[in-house]
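Asker: One structure is given below, represented as structure tokens, and several questions about it will come after.
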Amino acid sequence: VLNKIDLPAADPDRYAGEIAHIIGCEPEEVLRVSGKTGVGVRELLDEVVRLVPAPVGEADAPARAMIFDSVYDIYRGVVTYVRVVDGKLSPREKIKMMST
């Protein structure tokens with residue numbers, strides 16, 4: 409993935425060629441993306457969906473999740489973001505957190 413193609417000094421074709429040479433692909437296969445303008449983002453997400461396997465879990469198992477981020481909100485307190493590995497959680501369900 410070649411990002412920041414919207415910058416004035418960007419030379420996407422040149423750098424796509426360099427990336428292709430390093431990783432052993434064709435320059436046309438290097439995705440050109442601008443997170444700022446959104447150019448190429450749809451194609452990037454489509455490739456992620458195509459290449460990254462879907463997560464596997466058991467919906468009927470007891471709930472189990474992994475915390476991947478938490479932030480402090482002045483109105484709500486600590487807000488924790490989790491990825492559910494097994495089972496399911498309902499909105500506003502209280503969860504117990506444990507360290508390993």
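Going left to right, the sequence shown walks through residues 409 to 508 as this note's numbering numbers them.
Cβ atoms here follow ideal geometry from the backbone N, Cα and C, with glycine treated the same way.
Using three-state DSSP, classify Gly485 as helix, strand or coil.
Answerer: Strand at Gly485.
Asker: Using a Cβ-Cβ cut-off of 6 Å (strictly less than) and excluding sequence neighbours within five positions of Tyr480, which residues of its own chain qualify?
Answerer: The residues are Val486.
Asker: Per the DSSP calculation, Ser478 is bridged to which residue(s)?
Answerer: Partner(s): Thr488.
Asker: Note the first and the last residue of the continuous alpha helix (DSSP H) segment covering Ala424.
Answerer: Per DSSP, Ala424 belongs to the alpha helix (DSSP H) from Pro420 to Ile431.
Asker: Can you name the residues that DSSP bridges to Arg472?
Answerer: According to DSSP, which records beta bridges pairwise, Arg472 is partnered with Asp494.
Asker: What's the call for Val515, buried or exposed, on a 16-neighbour Cβ count within 10 Å?
Answerer: There is simply no residue 515 to check, as the chain begins at 409 and stops at 508 in what is shown.
Asker: So, are the CB atoms of Gly425 and Leu439 less than 8 Å apart?
Answerer: Result no, Cβ atoms of Gly425 and Leu439 do not sit closer than 8 Å.
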